[in-house]
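Shown next, in structure tokens, is the structure this report addresses.
There are 2 protein chains.
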Amino acid sequence: MTAMIPTVPTPSPGRKRPTIRDVAREAGVSYATVSRVLNGREWVSPEAVRAVREAISRTGYTANPHARSLATGRSGSIAFLLTEPQHLLFEDPNFSVLLRSAAQALSDRELTLILMIASTPEERSRTIAYLSGGHVDGVLLVSPHSGDPLLSQLVRAEVPIVACGRVLGFEQVISSVMADDRNGGRSAVEHLISAGRTRIATITGPQDTGGGVDRLQGYHDALIAHGLTIDPGLIAHGDWSRESGAAAMRTLLAHDPGLDAVFVASDAMAEGALRVLREAGRDVPGDVRVVGFDDSGLAATTEPPLTTVRHPLDRVADEMVRLLTDVIAGRTPLSITVPTTLVVRASSPL
Amino acid sequence: MTAMIPTVPTPSPGRKRPTIRDVAREAGVSYATVSRVLNGREWVSPEAVRAVREAISRTGYTANPHARSLATGRSGSIAFLLTEPQHLLFEDPNFSVLLRSAAQALSDRELTLILMIASTPEERSRTIAYLSGGHVDGVLLVSPHSGDPLLSQLVRAEVPIVACGRVLGFEQVISSVMADDRNGGRSAVEHLISAGRTRIATITGPQDTGGGVDRLQGYHDALIAHGLTIDPGLIAHGDWSRESGAAAMRTLLAHDPGLDAVFVASDAMAEGALRVLREAGRDVPGDVRVVGFDDSGLAATTEPPLTTVRHPLDRVADEMVRLLTDVIAGRTPLSITVPTTLVVRASSPL
DNA sequence: CAGTAGCCTGTGACCGGTTACAGGAATGCC
DNA sequence: GGCATTCCTGTAACCGGTCACAGGCTACTG
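Each protein sequence line maps, in turn, to chains A and B. Under our numbering, the first residue of the first sequence is numbered 1, with each subsequent residue one higher. Under our numbering, the first residue of the second sequence is numbered 1001, with each subsequent residue one higher.
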């Protein structure tokens, strides 16, 4: 398929842009007819269509988006809202990938992506005002924490929302798309168990996020299913960042120097954990096997490359956008789960 | 400064949003007066101001952005346009940092950031149509290549633009903000020279970008200033990506196995180069010193940590936004350079 | 006291689309 | 031929703001 790039007949500079009435005059029809041709949902005679089409290309007309938004009440744009504290935002390639995929999915539907970052208090209040002010048709919410007051304010303002990840406590009001965190976690730990490891630790994410809770639950599931006991001392918490992963790993090693595997709930934290293990003289995967979560860009380039659970963010973004258009159209809240798969690399080979 | 988060009195759900006329009725004034209070650039009596203020908070009024845009001809939004091929976009934390900083700078000026990614041909044509359609007030252009047809189309459409990095061939028509690439490159290479290295190679960026050309020029400057000869075999080209850096390093080693230093024009490429050097059994910095460019998030975590030229992207983003508002206001094209500094780490210590 | 300058306010036109409504022309059917 | 139906089109109202203009009121000046 050769992509024809239409050479837009730039409206002669200086003069102001042609309006629908200019086109109408040029085509010898009324402006309502032009509008009808543009939207194509009402009956228009073939000749009129042709005349309008020609007039449009002759004048280089493009619709004024603001006028259209005013008349229809839709803006054609969607906010991509990040609420994580600043330093986490871009350390992990995850956000970037999700952003890129969302941009693509929206663009395919002729929607535009407005990026909003609400880390600081002023940013947050500006964000609320903006979003409830009707600037956007809907919101894509990234990794929200359940206690965040932003959530209830958005819900109150009745802005259509789809979140990435389950929003604890808001399952009935906020639609979401999540990876199958629980089964992903379970399969990661089962992989470690089937390699014969028995003193398996985990570094989890924040317990006020769906991913944090569910991945830990998967860890429990696997241990219990295989008759292993759960040692609270082998469970450490992080905030998804590298540094928190490193710190958690230090804690775990202090508690049990003989642990022989770790399931880490994000690749960024796993990267920190690997660093600490290396510094502590442990061989990975010989002494300690490590499995991460996300299969982000990092995973292939850590030392050693990381076995991890693939979190299909492109799929997630796609489903989020699809779901959001449904929610905008009036659908009741819904949660969608997309499957995960284990990607085996050197940090825990087959 | 305590950040007061105003509790927006959400307009009672169900009923539709109050308009300026509702507020006017409530306050007992005409709607024009309300508009005046809102914009605050005309004389209004103190009592009227108070009455309107109260009516606004009582009704929970917020202005309809589309109506305002239609009337004023300004949208209040800026496009952040990425034109790099997809795989490069998010591998390098640079883009993310620039994006984050730009979002911040725009938000401070009550402008919103619309993210546009134009990698594929359809995306490009959609982008052109969108941008020349008057949806946005201006465009922030990231690392454009000089041959890109998008450039001339945007210029033709008279969209206000500020680019990140010099746009070769468009210096007179497109404003830009660039790091001091040439002096940055020069200082990097002088650092290597002062460490006594003499067979200094370089891996440059694309030669149709300002950064690519200028950083290479800095390399030339330093060698010439210190009486060293320029060996074309010690100059290799990359596309900013890790892989291209690795490939270029292999080429260089093949040409001159005895080279004792490399200046790499981006950290991502430097990361690839370090990997190849390690595989080739070279000690860094013992056998080969390496200096990168950008001081991106990668630099501190490479093995060994990378000495690099700091590219102050937060400053750059800030200047871009400031300049763009000027350009929108009618300023003639202008180029701004922000200084760089050398950050010394283990890959080429003092 | 007339004239004028400075405040303040309301009316109405306008931005550029969408869409309800009414009506004209052509066709089909009795 | 009369009438309903279907197709097509134009007029006008509307979306919710901004802003030019005209005009009223007060206060100051000569």
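Think of the CB as a built atom: it goes at the ideal place given N, C-alpha and C, for glycine as much as any other residue. Keep in mind the model is a prediction, meaning the values are calculated, not measured.
{"query": "Contact defined as beta carbons within less than 8 Å: I believe L1082 of chain B pairs with A1118 of chain B. What is the distance between those atoms, to the nearest angstrom?", "result": "7 Å"}
{"query": "Determine the chain B residues that contact R126 of chain A at a beta-carbon separation under 9 Å, and present them in chain order.", "result": "S1107 and E1110"}
{"query": "Between the alpha carbons of Q1153 of chain B and R100 of chain A, how many angstroms are there, rounded?", "result": "24 Å"}
{"query": "Cutting at 6 Å between CB atoms, please list the residues of its own chain near S1175 of chain B, excluding the five before and the five after it.", "result": "V1162, L1323, V1327, P1333 and L1334"}
{"query": "Within 10 angstroms of its Cβ, does M4 of chain A collect 16 or more other Cβ (buried), or is it exposed?", "result": "Note that M4 of chain A scores 40 on pLDDT, short of 50, meaning its location in the model is unreliable; the coordinates nonetheless yield the value given after this. Under this definition M4 of chain A is an exposed residue."}
{"query": "For H255 of chain A, which of helix, strand or coil comes out of DSSP?", "result": "helix"}
{"query": "In or out: E1084 of chain B buried (at least 16 other Cβ within 10 Å) or exposed?", "result": "buried"}
{"query": "Are S1077 of chain B and I114 of chain A closer than 9 Å when you measure CB to CB?", "result": "yes"}
{"query": "Going along the stretch 302 to 316 of chain A in order, which residues come within less than 9 Å of chain B, judged by CB to CB distance?", "result": "E303"}
{"query": "Between the alpha carbons of T1209 of chain B and R1331 of chain B, how many angstroms are there, rounded?", "result": "24 Å"}
{"query": "Going along the stretch 267 to 283 of chain A in order, which residues come within less than 9 Å of chain B, judged by CB to CB distance?", "result": "E271 and R275"}
{"query": "What are the complete alpha helix (DSSP H) segments, minimum 4 residues, inside the stretch 1235 to 1286 of chain B?", "result": "1242 to 1255 and 1267 to 1279"}
{"query": "I need the DSSP call for A346 of chain A, collapsed to helix, strand or coil.", "result": "coil"}
{"query": "Output yes if chain B places a C-beta closer than 9 Å to the C-beta of T19 of chain A; else output no.", "result": "no"}
{"query": "Return helix, strand or coil for A1179 of chain B, following the three-state DSSP convention.", "result": "strand"}
{"query": "Less than 9 Å between the C-beta atoms of A146 of chain A and C164 of chain A, yes or no?", "result": "A small correction: the amino acid at residue 146 of chain A is Ser; Ala does not occupy that position in the sequence shown. No, Cβ-Cβ distance for S146 of chain A and C164 of chain A is not below 9 Å."}
{"query": "Given a limit of 8 Å on CB to CB distance, which residues of the stretch 1069 to 1081 of chain B reach chain A?", "result": "S1069, L1070, S1075, S1077 and F1080"}
{"query": "Would you tell me roughly how many angstroms separate the C-alpha atoms of R1345 of chain B and G1292 of chain B, rounded to the nearest one?", "result": "10 Å"}
{"query": "Under 7 Å between beta-carbons, which chain B residues line up against A67 of chain A? List them in chain order, please.", "result": "L1070"}
{"query": "Report yes or no: is there a C-beta of chain A within less than 9 Å of the C-beta of N1064 of chain B?", "result": "yes"}
{"query": "Per DSSP, which one or two residues make a beta bridge with S101 of chain A?", "result": "The partner list for S101 of chain A (beta bridge, DSSP) is empty, contrary to what the question assumes."}
{"query": "Which class does G138 of chain A belong to by DSSP, given the choice of helix, strand or coil?", "result": "strand"}
{"query": "Please classify E279 of chain A as buried or exposed, where buried requires at least 16 other C-beta atoms within 10 Å of its C-beta.", "result": "exposed"}
{"query": "For the 8 Å Cβ check, are there 3 or more pairs between the stretch 287 to 305 of chain A and the stretch 172 to 188 of chain A?", "result": "yes"}
{"query": "At what residue ranges does the stretch 30 to 116 of chain A contain a whole run of the beta strand (DSSP E), taking only runs of 3 or more?", "result": "77 to 82"}
{"query": "Give the secondary structure of T1218 of chain B by DSSP, where H, G and I count as helix, E and B as strand, and everything else as coil.", "result": "The amino acid occupying residue 1218 of chain B in the given sequence is Gly; Thr does not appear at that position. Looking at G1218 of chain B - three-state DSSP - the assignment turns out to be helix."}
{"query": "Buried or exposed for A94 of chain A, please, with buried defined as at least 16 other CB atoms from any protein chain shown within 10 angstroms of its CB.", "result": "Residue identity check: residue 94 of chain A is Asn in the sequence provided, not Ala. With 16 or more Cβ atoms within 10 Å of its Cβ, N94 of chain A is classed as buried."}
{"query": "Let me check one thing: in DSSP terms, what residues is F352 of chain A bridge-paired to?", "result": "Not covered by the structure: residue 352 of chain A. The range shown for chain A is 1 to 350."}
{"query": "Return the CA-CA distance between I230 of chain A and D260 of chain A, expressed in angstroms with no decimal places.", "result": "15 Å"}
{"query": "Give the C-beta separation of L1038 of chain B and A1063 of chain B to the nearest angstrom, bearing in mind that I take them to be a contact with Cβ-Cβ under 8 Å.", "result": "7 Å"}
{"query": "Roughly how many angstroms lie between the CA atoms of H1237 of chain B and A299 of chain A, to the nearest whole one?", "result": "27 Å"}
{"query": "So is L1306 of chain B buried or exposed if we call it buried at 16+ other beta carbons inside 10 Å?", "result": "buried"}
{"query": "Could you tell me the alpha carbon to alpha carbon distance between D239 of chain A and R156 of chain A, rounded to whole angstroms?", "result": "28 Å"}
{"query": "So, are the CB atoms of L274 of chain A and E243 of chain A less than 9 Å apart?", "result": "no"}
{"query": "Ordered along the chain, which non-local residues of its own chain (more than five positions away) have a Cβ less than 6 Å from that of M116 of chain A?", "result": "A79, L81 and T127"}
{"query": "Express the C-alpha separation of T301 of chain A and V1177 of chain B in angstroms, rounding to a whole number.", "result": "33 Å"}
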